[in-house]
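Peer 1:
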Amino acid sequence: MLSLRVVALASAPLVPRRAVEPRAPRELVERLKRMEEKWQKRWSEARLFEADPDGSRPKFFITFPYPYVNSYPHLGSAFTILRVDVMARYKRMQGYNVLFPQGWHATGGPIVSSALRVAEGDPKIIEILKSVGVREDEIEKFKDPAYWVEFFTRGWKRDLQRYGLSIDWRREFYTTKLNPYYSRFIEWQYLKLREKGLVGKGSHPVVWCPKERKVVGDHDRPDEYVGIGPVEAVIIKFRLEDGRVLPALTFRPETVFGVTNVWVNPNATYIEARVNGEVWILSQYMVDELRDQDYRVEVLGRVEGRELVGRWARLEATGKQVLVLPATFVKADLGTGIVMSVPGHAPYDYVALREAWERAEDLAREYGLDPETIKSIKPIVMIKVPGFESKTPTEYYVEKLRVSSQDEREKLDEATREVYAKEFYQGIMAGNTGRFAGMKVSEAKDRVVEWLASRGEALKVYTLPREVYCRCGARTHVKLVRDQWFLLYSKPEWKSLALKALSKMKVYPEHVRKDFRNTIEALRDWAFTHKGELGTPLPWDKEWVIESLSDSTIYMAYYTIAKYTQHPEKYGIKPENLTPEVFDYVFLGKGNPDEVSKRSGIPRELLEAMRREFTYWYPVDLRISGKDLIPNHLTFYIFHHTAIFPEEYWPRGVSVNGWVLVAGKKMSKSLGNFILLREALEWWGADATRWAEVMAGADATLDDANFEPSVADSAVYILNSWLDFVRENYGRRARREWRLIDDWFESVLNSTVKRVTEHMEETNFKTALVEGYYKLQELYKWYARMAGEPHEDLLRKFIEIQTLLIAPFAPHTAEEAWEAMGKEGFISTAQWPKADESKIKPEVEAVMETVRASIEDAREVLRLIGGGKRLVITVAAGWKFEAASLVKKAVEEGKPLGEALREAFKIEGVEKREIAGMIQQLRKSPEVLTRLSSRELELRAFKELSQAIASELGLEEVVVEAEEEGKSPRKANAMPGKPALYAEK
RNA sequence: GCGGGGGUGCCCGAGCCUGGCCAAAGGGGUCGGGCUGAGGACCCGAUGGCGUAGGCCUGCGUGGGUUCAAAUCCCACCCCCCGCACCA
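Sequential numbering of the first sequence, starting at 791, is according to the numbering used here.
1. Please look up how many angstroms separate the CB atoms of residue 1055 and residue 1136, rounded, as I've assumed it's under 8 Å.
2. Tell whether a beta-carbon distance below 8 Å holds between residue 1280 and residue 1315.
3. Do the stretch 1010–1029 and the stretch 1083–1096 touch if we need at least three Cβ pairs shorter than 8 Å?
4. Can the beta-carbon of residue 854 be found less than 8 Å from the beta-carbon of residue 1356?
5. Rounded to whole angstroms, what is the Cα-Cα separation between residue 1133 and residue 1249?
6. To the nearest angstrom, how far is the alpha carbon of residue 1756 from that of residue 1769?
7. In terms of alpha-carbon separation, which member of 1672, 1237, 1753, 1766 lies closest to residue 1715?
8. Return the chain-ordered ranges of every beta strand (DSSP E) run that is complete within the stretch 1037–1117 and spans a minimum of 3 residues.
9. Tell me whether residue 747 is buried or exposed, calling it buried when 16 or more other Cβ atoms sit within 10 Å of its Cβ.
10. Given residue 1259, which residues of its chain have a CB within under 7 Å of its CB, disregarding the five upstream and five downstream residues?
11. Extract the residue ranges of the alpha helix (DSSP H) inside the stretch 1182–1242, only unbroken runs of 4 or more that lie entirely within it.
12. Grab the span of the alpha helix (DSSP H) containing residue 941 for me, first residue to last.
13. Using only alpha-carbon positions, find the residue among 1366, 1223, 1146 that is nearest to residue 1047.
14. Between which two residues does the alpha helix (DSSP H) holding residue 1787 run?
15. Anyone know if the C-beta pair for residue 1725 and residue 1641 falls short of 8 Å?
16. When we look at the beta-carbon of residue 1057 and count the other beta-carbons within 10 Å, is it buried (16 or more) or exposed?
17. Answer yes or no: do residue 1350 and residue 1336 have a C-beta to C-beta separation smaller than 8 Å?
18. Between the beta-carbon of residue 1426 and the beta-carbon of residue 1343, is there less than 8 Å?
19. With a 10 Å radius around its C-beta and 16 neighbouring C-beta atoms as the bar for buried, classify residue 1274 as buried or exposed.
20. To the nearest angstrom, how far is it from the Cα of residue 991 to the Cα of residue 1276?
21. What are the partner residues of residue 1443, as DSSP defines its beta bridges?
22. Closer than 8 Å is the cut-off here; do at least three beta carbon pairs connect the stretch 1517–1528 with the stretch 826–837?
23. Among the residues of its own chain, which have a CB less than 7 Å from the CB of residue 1084, if the five just before and after it don't count?
24. Start and end of the alpha helix (DSSP H) containing residue 1376?
25. Consider the C-beta atom of residue 1322 and the heavy atoms of the ligand NAP; say whether any pair is separated by less than 7 Å.
26. Where does residue 1021 land, buried or exposed, given buried means 16+ other C-beta within 10 angstroms?
27. Bridge partners for residue 1173 per DSSP, in chain order?
28. In whole angstroms, what separates the C-alpha of residue 1502 from that of residue 1739?
29. My output table needs one value for residue 800: the three-state DSSP class, helix, strand or coil.
30. Taking just the CA atoms, how far does residue 1317 sit from residue 1329?
31. Since residue 1274 is in the alpha helix (DSSP H), which residue starts that stretch and which ends it?
32. As a quick exercise: from 1123, 895, 1546, 1604, pick the residue whose alpha carbon is nearest that of residue 941.
33. Determine the DSSP secondary structure at residue 1301, reduced to helix, strand or coil.
34. Which first and last residues belong to the alpha helix (DSSP H) in which residue 1352 is found?
35. Can you list the beta strand (DSSP E) stretches of 3 or more residues lying completely in the stretch 1474–1558, in chain order?
36. With distances taken between CB atoms, is the gap from residue 814 to residue 1467 smaller than 8 Å?
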């Protein structure tokens, strides 16, 4: 499922250079690792994460797409699965019965191909295996695909366990016929789909190796050919005077109206062959390709390219006669080797024509032509593009890229792409295109092909846009596979079910819903069977195997019963017991358990237990994955659920995230920033690695995350010092009498819990950790400085909450801290803190904000006057608070500020002039309104904190007074939320 | 082209939905101070320009607009990234 890109591994240098190294002190890391081992052992002994149906608790079923096990997990896969674990742990602390299972994906070609390479002794693949720690004497075993699966499955499991994931391992399994239990399940699924008419048959183009006679997937090719697939092209016939056909292959059939000549490679040898009754002259390559696309091709002989030069060829559809000219850019083994020249719209043709003009005399001499005829060939413009009136796109890009020769392939390829993009999407067919004039090029293209084809002058073929070689060294071409099985995603009824399911799902982040909708609407039929790969054979046509994206759509249901089916030693179920009838009963509630039991040989109680297990856990509450799975797997997941299951079991939610960069760059061996999870665990331990992964950006977003090794280093310190802090401070004696600053800290403590909980619900885990740890720590530091000594109860409360808030992220450290506090049981199942709304006091938070702002102001003033000894703080007069609150109220009612300010004049007993002055100040800094509290509270806050403020600013004395009886020469400046300050040397 | 996401201070990156608390969170880097056996750990401060009183000027892709007030709302434009399918 999750592709690990062994391909990428393969391209890496054999001795990777490390750009990324851990710097955290070993002893601190070792301390964390010892704890991790201890708690993992205890969790496992307590079977803490083994989840069984429990009607007394709400359930939460969460999954991660099973990874493709052809290598070990790296920081990328570890990132996404960590988000699953964090959510699972959070939900567990919220009192949910959480099921987090994990399986492995073995379906597909890469493992088979890699095993074959080992068998062949390919040094590259052997080196890759060694680089991930496979012993020399073990290499031999990797000739067998099954061993890959077994080996890396073990490796993944070990890594994930050491990572501290809260998985119920009883439900582990891997796919393909290597696990016949799973295969039985997939067979059932596909029988169902066929029953419902969602399976069809058709033909399908594939990249084909003629030597090995097989489909060539990405894993079967050298890296430079990865990702290139069949494209549609058109062959247009040019007829020579003797009746033979020059078939020109083109990707731009709409440009036939601009043809000026035909290009051939004079130095190449072409094949003369009978194709569908006509005599064609074409490349050997296309002979093979056409044969594999069901054309009858009978080779008659050979023709030298130069023999064709100088002949006239006729395009029947337009009646145009054109000359055959030589061109060096024409490759005889690409396409038909015959090129229709459209210099008005194709950079290659344009440049080649210019060269032909220059060399007209030479060409004429060499091929016996008339130089004037060559020079008289001029580009024909037949597409209009807005903004390209004076110069065509072809002229523009050839000039811009300074192309000087037809052999400058890179520049010409780029120019071709640019011209195509402009003309195809923005171009309009010009007046000289007959019945197509005025049509958009994007629409005209297909119409032109239809028109030509209906007259027998063109045909559609599939070909490769570039040469692609198989790993065996053979050149590949496109073959049309007949009898290909398809999933009929294009069926409107199926699409509308999928859309309905989507509309009821939670999608994080929400905007991704649109991507899903677009994908569902645009999804076409899917060729779901392959040959020569690992998988489950199609039950009714066993030579085909169900391909990887198609055998992984509803397997989350299988987790619910894997506990039973995958443990024959305990429950005695054999693969042959798992008849379709059994699945019908377990998943769909069909049939009578007694009869199903009798026929399948599975005891009734077991069948019922499986049914209960399924109905309890299903549907999946949340599936978390990388963004790459939106347009394929996650969409298929929705489709198949709607096809197989009743509505109540359709998926409830999906959360997606971006890729992981390491140190700001895409992970790659050549950059030296490719990190396997096991390496990170070795360097930083589990909790610090988890911490850094979350801090990389574990929110629900399509943006890429960035794992910074320095963050992992600092997490090592953070976790160690938090543990020390807990040990030194939890339950110690401290201040007993309650002060205003305690109200403040209690308030922010509760509002922090509230915000963090909201972020957790939205799967925005980085934001949750930033708020729940970093910001809370800042708040505590400030509290400790302002309070001098913290309040005893609050200190305890803070330590508890802080530990609970980091528990989903750094569970081992949290357990250790929890134990150090003397708490009973595991923190993993402790109650997530609940915000006490009554303790959240906005006016206290506001007044403390005023204090903080005043300290900053005072610092600035002191700096400007070059230091001082004494500070007088004057809290504004009572009437100013009244006036400000009138203004604030008016603003909140929606009045414009100017109008709201006039409210202040309602205050009685104060001179209008004074009020006007205050209004002036308010207009200048309306922000004070947002931290408006009361005169009494401000006075109290400043008085209580005057000592702290003094030491904060390094002053000998801080005097706090009220404006009414104040003596400060600047007391008139005092505003609510912004007391007047007066500093003395 | 269609669909989606973006362009913020030296760098990374929040804010934008719900306009004023935003010269703009938080990191990193840099500078200064503290702690120390001159610690890569920790703590405090500075880090657009100017300023001996909390201020002023310039500023969040570009250009307009709405508003007492815009990084935030509206319009137009420019640029970048991703997807548009058979690689899992």
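Just so it is clear, CB atoms sit at the ideal spot from N, CA and C, and this is done for glycine as well.
All figures in this text were calculated on a predicted structure; none of them were measured in a lab.
Peer 2: Let me lay it out:
1. The pair is not a contact, with the Cβ atoms about 17 Å apart (cut-off 8 Å).
2. yes
3. no
4. no
5. 23 Å
6. 12 Å
7. 1766
8. 1051–1054, 1059–1065, 1068–1072, 1087–1094, 1102–1105, 1110–1116
9. This structure leaves residue 747 out entirely; the chain is present only between 791 and 1775.
10. 1011, 1012, 1015, 1265, 1266
11. 1183–1190, 1199–1216
12. 935–952
13. 1223
14. The chain is shown from 791 up to 1775; residue 1787 falls before or after that span and cannot be answered.
15. no
16. exposed
17. no
18. yes
19. buried
20. 6 Å
21. 1296
22. no
23. 1270
24. 1370–1378
25. The model depicted lacks the ligand NAP and carries no ligand whatsoever.
26. exposed
27. 1219
28. 35 Å
29. Per-residue confidence for residue 800 stands at a pLDDT of 36, beneath the threshold of 50, marking its modelled position as unreliable; no derived number is given.
30. 16 Å
31. From DSSP, residue 1274 is part of no alpha helix (DSSP H) but of the beta strand (DSSP E) over 1267–1277.
32. 895
33. coil
34. 1346–1355
35. 1495–1497
36. no
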